[in-house]
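Heads up: the sequence shown begins at 17 in the working numbering, then just goes up one per residue.
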Amino acid sequence: MNSVKSILEIAKETIEAESKAIFNLSNLITEDFSEAVNLIYNSKGRVIITGIGKSAIIAQKIVATFNSTGTPSVFMHAADAIHGDLGLILKDDIVICISKSGNTPEIKVLVPLIKNANNKMIAITGNKDSFLGQQVDYVLNAFVDKEACPNNLAPTTSTTAQLVMGDALAVSLLKLRGFSSKDFAKYHPGGSLGKKLYLRVLDISSINEKPEVSLDTNVKDVIVEISQKRLGVTAVVNDHKIVGIITDGDIRRMLSNTSDFSTLTAKDIMSENPKRIEADAMAVDALDIMESNGISQLLVEEKNIYAGVVHLHDLIKEGII
């Protein structure tokens, strides 16, 4: 059985080998890359990305990245393409072929068929002098000296290089389009990522109870308000505007320090100038304020009018954390 040390050494060697190959890609970037980006950016069609074997899997990932960042893309398996799926390619579509060798039988059959239809073609290949490299309009050189596989056989470093080249294309296009976080949210409405990008404070606080007392509310009624609204806090308001806050912690401290609180009012135990947030602010911004101030609740206001409370537990429930 291999020792833990030898396993760790293998892991480190693999990571180092791939990182060196990826770093070298920056030396292989030519004007073909910028021309390919401009071609896609100015295109009226989609990007069809194809490959065979492991390259096909990388193609699917690049398609997913393109679609999520504003570049409409479709995956087409190279083997299926020559058995009917060529119908996916429309007049204005651009085709990206991914192949380490650029000389696989499927690619040699597929490329002439695409050229006959006059679609522009881009290659991501480790061999710019291959059949694929010589036939396309633009070549993105993803050459690697060797695979991380000790037998130099299993696609490892080469597929990582292909993926990185695809990411470079996606990010270049993203920046050209001025693709913002709001745009990103349109394509990622689900999960915690989407919620961080579109969920607003009001979406959460409007579901909660809205605890509030006035300056002259007696402490007994303050305690009842906090207990009934189940948020561990109440706002102290005057003319619908926030003037203070009372938390269950304030109540506990008062009970520890005062034997007779029958004459006390909210004004006597509240904290002035509490932290607050606008109702239309992003929920993730509320989390930042809570974390930086070590608090669990945040009062919400809308145009300087008290609008409710957002609690740390709400953000956890929504998956913001």
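We put the CB at the ideal spot given by N, CA and C, even for glycine.
Exposed or buried, what is residue i when buried is set at 16 or more other beta-carbons lying within 10 Å of its beta-carbon?
i           : result
residue 178 : buried
residue 100 : exposed
residue 171 : buried
residue 290 : buried
residue 292 : buried
residue 37  : buried
residue 20  : exposed
residue 223 : exposed
residue 23  : exposed
residue 39  : exposed
residue 314 : buried
residue 266 : buried
residue 46  : exposed
Please list, in chain order, all residues of the same chain as residue i whose beta carbon is under 7 Å from its beta carbon, the five residues on each side excluded.
i           : result
residue 250 : 227, 228, 229, 238, 241, 242 and 262
residue 133 : 105
Opposite residue i in the DSSP bridges: which residues?
i           : result
residue 287 : 261
residue 157 : 141
residue 65  : 91 and 112
residue 322 : 317
residue 254 : 257
residue 293 : 316
residue 268 : According to DSSP, residue 268 bridges with nothing at all.
residue 6   : Only positions 17 to 337 of the chain appear in this structure, which leaves residue 6 out of reach.
So, at 8 Å on beta carbons, what are the nonlocal neighbours of residue i in its own chain, with the 5 sequence-adjacent residues on each side left out?
i           : result
residue 288 : 259 and 260
residue 68  : 93, 94, 95, 115, 120, 122 and 123
residue 246 : 225
residue 320 : 257
By Cβ distance, which residues of its chain are closer than 6 Å to residue i, with the 5 residues on each side in sequence left out?
i           : result
residue 83  : 89
residue 157 : 44 and 144
residue 328 : 306 and 312
residue 140 : 114, 156, 158, 178 and 181
Would you please state the rounded distance, in angstroms, between the beta carbons of residue i and residue j? I believe it to be under 8 Å.
i           : j           : result
residue 91  : residue 56  : In fact, because the Cβ distance is near 16 Å, the residues do not count as touching under 8 Å.
residue 105 : residue 63  : About 11 Å; that fails the 8 Å criterion.
residue 81  : residue 186 : 5 Å
residue 149 : residue 160 : Contact flag wrong, Cβ pair sits at about 15 Å.
residue 281 : residue 253 : Not really, about 14 Å apart at Cβ, beyond 8 Å.
Let me make sure I understand the geometry here. Which of the options has the alpha-carbon closest to that of residue i?
i           : options             : result
residue 216 : 110, 78, 40 and 317 : 317
residue 283 : 195, 330 and 232    : 232
residue 176 : 187, 164 and 186    : 164
residue 219 : 52, 118 and 297     : 297
residue 183 : 79, 59 and 70       : 79
residue 131 : 113, 141 and 174    : 113
residue 295 : 60, 325 and 33      : 325
residue 125 : 98, 74 and 194      : 98
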